[in-house]
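Numbering-wise, numbering that gives the first Met the number 0 puts 85 at position 86 of the sequence shown, and it's gapless, one number per residue. Structure, as structure tokens:
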Amino acid sequence: MDDQKLADDVYAVQMNPETCACKTSLQVAYFVLDNAKYQYLNFIYNFMYMCLDMDKLHFVEGDTDSAYWAVSGDINAEHKQQFNSVIKDKQFYDENAKYFFPTIEGDLFDEKKILGLAIERERTEMVALQFVLQHVALLS
Numbered sequence: 000m001d002d003q004k005l006a007d008d009v010y011a012v013q014m015n016p017e018t019c020a021c022k023t024s025l026q027v028a029y030f031v032l033d034n035a036k037y038q039y040l041n042f043i044y045n046f047m048y049m050c051l052d053m054d055k056l057h058f059v060e061g062d063t064d065s066a067y068w069a070v071s072g073d074i075n076a077e078h079k080q081q082f083n084s085v086i087k088d089k090q091f092y093d094e095n096a097k098y099f100f101p102t103i104e105g106d107l108f109d110e111k112k113i114l115g116l117a118i119e120r121e122r123t124e125m126v127a128l129q130f131v132l133q134h135v136a137l138l139s
């Protein structure tokens, strides 16, 4: 395995496919992937759409265990404002945030709870590489 430090908390890792082994059963892998999709959709449609101003949020990219959102919040506040500037239904947010986010006490077990969310990094910029999809119309 080769690794390279890119920043204080960012590493690039490459594994050799000839020596890399996975001992996870196929059933577990499928469950994790399907469950992650369900949790994404549950959070987005049953929480975000209900209490956040989705005109100020943009989904950049996501994976099985991560999601990157661009938040257009309060221009006068710092970049670590989380969702505070885009809440449109404060009562719904306050009643339901505990099911998705860690509690205010910051307990380590609560922050790492299964199916829970935690903000790992907040930055002012993000570069996301995407595939270029081209549509070619064939005339017959």
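We put the CB at the ideal spot given by N, CA and C, even for glycine.
Determine the DSSP secondary structure at residue i, reduced to helix, strand or coil.
i       : result
Ala-76  : coil
Lys-4   : strand
Glu-124 : coil
Asp-64  : coil
Ile-86  : strand
Where does residue i land, buried or exposed, given buried means 16+ other C-beta within 10 angstroms?
i      : result
Val-59 : exposed
Val-12 : exposed
Tyr-44 : exposed
Tyr-92 : buried
With DSSP as the reference, please indicate the residues paired to residue i in a beta bridge.
i      : result
Tyr-10 : Lys-4
Val-70 : Leu-56
Leu-51 : Ile-86
Say whether the segment 7-15 touches the segment 28-45, bearing in mind that this needs 3 or more beta-carbon pairs closer than 8 Å, one atom from each stretch. Cβ pair count under 8 Å is below three, so no.
For the segment 45-58 against the segment 77-85, are there 3 or more C-beta pairs whose distance is under 8 Å? With the cut-off at 8 Å, the segment 45-58 and the segment 77-85 touch.
Check whether the segment 31-42 touches the segment 60-69, taking contact to mean three or more Cβ pairs, one atom from each stretch, closer than 8 Å. Contact holds: three or more Cβ-Cβ distances are below 8 Å.
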